[in-house]
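Worksheet: the structure to be examined is printed underneath.
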Amino acid sequence: MTSAVPPVVAPVAGLRARAEAEAARLPPLLARADHLAGTVLLGEHGRRRAGMGDDFWQYRPAQPGDSRRMIDHRRSARGDQQFVREREWQIAQSVMLWVDRGASMRFASSDRLAEKIDRARLLGLALAILLVRGGERVGLTGTALPPRRGQTQILRLAEAFAEDAETDYTPPEHRAMIPHARAVFLSDFLGELAEVELALTKAADRGVRGVLLQVLDPEEESFPFQGRTIFESIGGTLRHETLKAGDLRSRYLDRLAARRDRLQGLCRATGWQFSTHHTGDSAQSELLWLYRALDRGTA
Amino acid sequence: MTILAGIGFTSPWLLLGLLALPLLWLLLRAIPPAPVRRRFPGVALLLGLSDDDSISDRTPWWLMLLRMAAVAAVILGLAGPVLNPQRDQTGQGPLLIVLDAGWPGAPRWADRIALLDGQLAEAGRAGRPVALLSLTAPEPLQFQSADVWRSRLPGLAPAAWLPTGDQLAAAARDAAAAAEDFDTHWLSDGLDYPGRDGLIAALRAKGALRVYETGQPVLGLGPARFEDGAIHITLHRSQPGPAREVTVLTQGRDPAGTPRVLASVPARFEAGTTETDTALALPAELRARVTRFELQAHRSAGAVSLTDDGLKRREVALIAGREDREGLELLAPLHYLQQALKPSADLLHGALDDLLPANPDVIVLADIATLSPAEKSALTDWVDGGGMLLRFAGPRLAASDVSRREEDPLMPVRLRSGGRTVGGAMSWGEPKTLAPFPDSSPFAGLPIPADVTVSAQVMAQPDPTLADRVIAALSDGTPLVTRKSLGQGQVVLFHVTANAEWSTLPLSGLFVQMLERLAVTSSAKPPEARELEGTTWRPVQVMDGFGTLHDAGTLPGVDGAALAEAPLGPDLRPGLYDGGDRRLARNVLPADAVLTPASWPTDVPVETLSRTPEQPLGGLLLATALILLALDVIASLALGGRLMPPRRRTAALIAVLALAAGLPAPELRAQETPAPPDAAATEFAIDATRELMLAHVLTGNTQVDDIAQAGMVGLSDTLFFRTSIEPTDPIGVDLERDELAFFPLLYWPVTPDQPRPSDAAYVKLNDYLRSGGMILFDTRDADIAGFGAASPNGRKLQELAAPLDIPPLEPVPADHVLTRTFYLLQVFPGRHANGQVWVEAAPPDAEQIEGMPFRNLNDGVTPVVIGGNDWAGAWAIDRNGNPLLPVGRGLTGERQRELSLRFGVNLVMHVLTGNYKSDQVHVPALLDRLGQ
């Protein structure tokens, strides 16, 4: 009765502050724009080439075929030659994020490591801030938060990130994807792979390309367990008992590698990119990789 | 108790539990460890994986072994194993253990306690009630469980006395009053003392008596005596055994005050003797610092001999007729006496009235003829009471009428008027030499150097008593040193001066030897009970049975007669006693002590102390089991993967081990590094000493401080331009923080609101003043109040200067050196012109010599100059060199400013050159000599 403020405000603010800090270390990122896409919209940032836009790009001598209205008289009046004023081509890209909010992401093997979901959200929001700063539109997959620009969108994203799901593994959201946009999926991809496959195929059908980032805890990679153990999923839905945990190690690692191979294969087939991030590593280098992955192929 | 393989077990049937160990082994083997529940998101990948081996991880064999060992240790520990079990348990019923607990038992006290512990343990196992009776502190018998007594063992300590008759009687009464019969074990110290037989009879009436003693002789030290220039110590032992060497250590303080062994001397008991004597020759200076003698490696009160005033440094008061402040040191009447006495005596200086209450051992009067009646009677009383008055002749004594007609009580002989001079320019004959000392003389045996000659002396009147009183004479038979006794003291007269004017005696080593002989005879003798009767002595330090000195605390005073003769006991403990001006040591053994070994009735069994003590092993084994179980906890956790991350693991392991072993956790302490020299202070010192620098005291009042700073700058500039003094920029000093020694002059403006410096700062200021610094106090109020308390600045000045070591002051006299160190000045104006300026007063005897422009005034620099003329205000200049504050009006004002600057120049010159200008008083004399 004392306050109407939702209790998520403080974590949201904290997450956003840390994401801002992460984002402040990289130059503004310009997402790669697909020339063919019809979804290209005019943006604030130039493409370093002549085209449609508001900002001056260069004067060039008038050539045959240029209509007379294009001649810039102020410049041409200084000499005998006629010049045409060209403007910079300014476009904006839409980027859609999906951050796994399943219970399996709420895991950290030690107090000193961040939970996987925390790291994934941090990376996602940092990327969003970079993109917004670069003039791109950022949103979530699905219909909840379509891509928009501006600082307000960062706030909305941060609020959306504050919600957790109860199920152990959540499938990627693949509805309402904007054609020829870009997408970033952050998850541990330990759930059903068919769902991921479905999402990726659907995205590829719409010309959406993007990045899969698998966020894992170091213990999930090393499996350092011994002795009689009962393993339970975070949500408590799955359990597995073994008498000698040490014997399971190699087989577990094989399965993990196989799953990763499968994801990489999927990515290759659909033109996506794949990487694995461990919560024990630096978030900064991973953000750099994301930046490069989204920027790849830019002129 | 059952004994298996040399180890006794109190409950041997518990050992059957060991049979259960194999069963336990099988049981532990069969049970798998409990599963660990883990949250793990990767479980999805594990689904469907089955274990290759259906058997769970077994507990490894070494962990099993660890657990078995722990269980075995518990079983063994509970069975009550005892190493070296005592088997000679005899008798039943109550047991009384009697301890002599006197000083003779102290050297092997630990053995006695161990034996006692063993007997108590034995009695405890046999279920016998025990009573403990310490003869030096008897209490009514209480038969209690042995464990109660064992817990009280650490509190037992030997007393520094032997059981007294009262105590023995009380003990015998208690024993006889006991309700039931008991056996007695007597732990004897091995020394006999009166009244023992009664107790033996009382104890034997109640039951069997068994005696334990070491069989070793008891050693003791008698009091030290000073005879023939050496310290003699008598050693005693209780049994005439074979020849034996012991070492006597001389304990004392080194010059730094640290207790240490000053000397050690061997002593040898010949075979068959119980007494021996050793002598120790120590220099007087070393002898004076001895606090005690003790036997090496023999800790007991009887093996310690405390020293008292008998070996202490004597206090010698030196009084001379004329104190010559500026006289030559070698001509000073007391110089040679001081040199001769300084190493071996504490010298006192001062007026006779002040010195007599201090009750020195010797008073030296050098060429003092007349004493006031009050002084004379006081001095006579003092000599009467045992003091030694040593007088030297001299011109004054020769010229006076003292002891002329009739003998003065404080002179050993009558004197003829005038004295005589031999071998001088105006007299016949050669200087006289000394005749050999007669055997009755205290100087007998001293070699007489040939170069000791006497050229002048005072002559004694021939009297019937004269011959007895001469203890040294010249070759012509005239007395050189005479002596008479007066009451318990004596009066000695050297018929020559104490300096080298009349004879060369003070220059020779003979003088020192003579003084030493005389001074030695004045040392305190051991007092007798008769003299001490009626006095009360306060214990200062008392000895415990081990011979260690403790502060006496609140022990009551002791009657003098008792202190000298009464036997020691709880009311009279050995130690140091203070009776006002002197200290007496009461030692355990008197001078005529005899140590008698204890003798027992022939049918009483006597055993020695030596036996191996029982060693219960139960606690050890149980502790081992605990440690093993703690290790098992760690190992089990490690196997189950439930231990903390590796980095914390080590710390936890250490903590658990430390806990199990009952050890304190390792204490980490930063190594103490010597404090680095204060860089700021060093820098300050370098800056302040690179060039001459004037300084002013920071008052905390910004305006005053700024003016003072500007004033110092102005004065520094003036000095720079006009004189060879080239000071650098002045600074303000903080009395609390900065070192003052670097500054020749401190200007201290007085403000009513400045804080009083701390005590540490005053120590610094006094050091500064004594080492030649000068402080210029400026009340800046034109001295309107004449330094009374009427002005706030005056009051503040009084408050500030009260703790300073300032000599008497006077207004600057017209011939003060300050008036002519650079400029000739008679007024010392600042912004105010008329205030008086005060400096250190001239000595009262400074007289103006005719023809000289000024008096020959004192040496040195006046430490303070006090005035109120606001000099800094007059000196102050701004950055461009223009005066900051107006002074007076017009040209007159400028003249006043000029004079104030001249005063500043003179002041700094005075500080730096001292009384150099005053020395010019001698210029006419020097010129006169040069003219010849």
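Protein chains in written order, with UniProt numbering: chain A, 1 to 299; chain B, 1 to 932.
We put the beta carbon where it would ideally sit given N, CA and C, even for glycine.
Between the beta-carbon of Pro829(B) and that of Asn869(B) there is about 6 Å, and that keeps the pair under the 8 Å contact cut. Where Gly8(B) is concerned, there is no enclosing alpha helix (DSSP H), although the beta strand (DSSP E) around it starts and stops at 7 to 9. Scanning Thr250(B), Leu776(B), Leu907(B) for the CA closest to the CA of Ala263(B) turns up Thr250(B). For the pair Asp188(A) and Gln151(A), the CB atoms are not nearer than the 8 Å cut-off. Where Arg237(B) is concerned, the enclosing beta strand (DSSP E) starts and stops at 230 to 237. Secondary structure at Arg249(A): helix, using DSSP grouped into helix, strand and coil. Judged by their CB atoms, Thr141(A) and Met177(A) are nearer to each other than the 8 Å cut-off. Only residues of its own chain outside the window of five on either side were considered, and among them Leu740 have a CB closer than 6 Å to the CB of Lys764(B), listed in chain order. In the three-state reduction of the DSSP assignment, Gly220(B) falls in the strand class, which pools E and B. For Leu256(A), the neighbours in chain B by C-beta distance under 9 Å run, in chain order, Gly42, Leu45. Interface flag for Thr276(A) against chain B is unset, since no Cβ pair is found closer than 8 Å. The C-beta distance from Ser151(B) to Pro129(B) rounds to 15 Å, too long to meet the 8 Å contact threshold. Ala281(B) and Leu235(B) do not touch by the CB rule: their CB atoms are close to 17 Å apart, not below 8 Å.
Taking 9 Å as the upper bound on Cβ-Cβ separation, chain B lies near residues Pro224, Phe225, Gln226, Gly227, Arg228, Thr229, Ile230, Phe231, Glu232, Ser233, Ile234, Gly236, Leu238, Arg239, His240, Glu241, Thr242, Leu243, Lys244, Ala245, Gly246 of the stretch 224 to 246 of chain A. Contact between Ile75(B) and Leu18(B) is confirmed by a C-beta separation of about 6 Å, below the 8 Å threshold. For the stretch 151 to 171 of chain A, the set of positions with a beta-carbon nearer than 9 Å to some beta-carbon of chain B reads Asp168, Tyr169 in chain order. Listed by position along chain B, the residues whose Cβ is nearer than 8 Å to that of Gly265(A) form an empty set, because the closest Cβ is around 18 Å away. Asp189(B) is a Cβ neighbour of Gly102(B), given a cutoff of 8 Å. Taking the Cβ atoms as the reference, Ala243(B) lies roughly 6 Å from Glu270(B), within the contact range of under 8 Å.
Taking 8 Å as the cut-off, the beta carbon of Val817(B) is found closer than this to the beta carbon of Asn915(B).
In the three-state DSSP reduction, Glu241(A) falls in the strand class (E or B). The C-beta distance from Glu275(B) to Gly547(B) rounds to 20 Å, too long to meet the 8 Å contact threshold. Ile627(B): member of the alpha helix (DSSP H) spanning 618 to 639, first to last residue. Among the residues of chain B, none has a CB under 9 Å from the CB of Asp118(A); the nearest is roughly 14 Å distant. Against chain B, the beta carbon of Leu190(A) has neighbours under 8 Å at Pro41, Gly42, Ala44, Leu45, listed in chain order.
Where Tyr169(A) is concerned, there is no enclosing alpha helix (DSSP H), because DSSP gives it neither an H nor an E. Think of a sphere of 8 Å around the beta carbon of Phe107(A): the chain B residues whose beta carbon falls inside it are Arg39, Phe40, Pro41, in chain order. Counting only runs that start and end inside the stretch 694 to 745 of chain B, the beta strand (DSSP E) elements of at least 3 residues fall at 728 to 733. The criterion of a C-beta distance shorter than 8 Å is not satisfied by Ala171(B) and Lys206(B).
For the stretch 127 to 161 of chain B, no residue has a beta-carbon sitting nearer than 9 Å to a beta-carbon of chain A. At a C-beta separation below 8 Å, Glu195(A) has no neighbours in chain B, since its nearest C-beta there lies roughly 13 Å away.
Between Leu209(B) and Thr184(B) the beta-carbon gap is near 5 Å, inside 8 Å, which marks them as a contact.
CA-CA distance, Asp632(B) to Asp217(A), rounds to 32 Å. Within chain B, the residues placing a beta-carbon under 8 Å from that of Arg251(A) are Leu49, ordered along the chain. Scanning its chain for C-beta atoms nearer than 8 Å, with the 5 sequence neighbours on each side dropped, one finds around Ile71(A) the residues Ala62, Gln82, Phe83, Val84, in chain order. Residue Asp738(B) holds the alpha-carbon nearest to the alpha-carbon of Tyr762(B) among Thr779(B), Ala782(B), Asp738(B).
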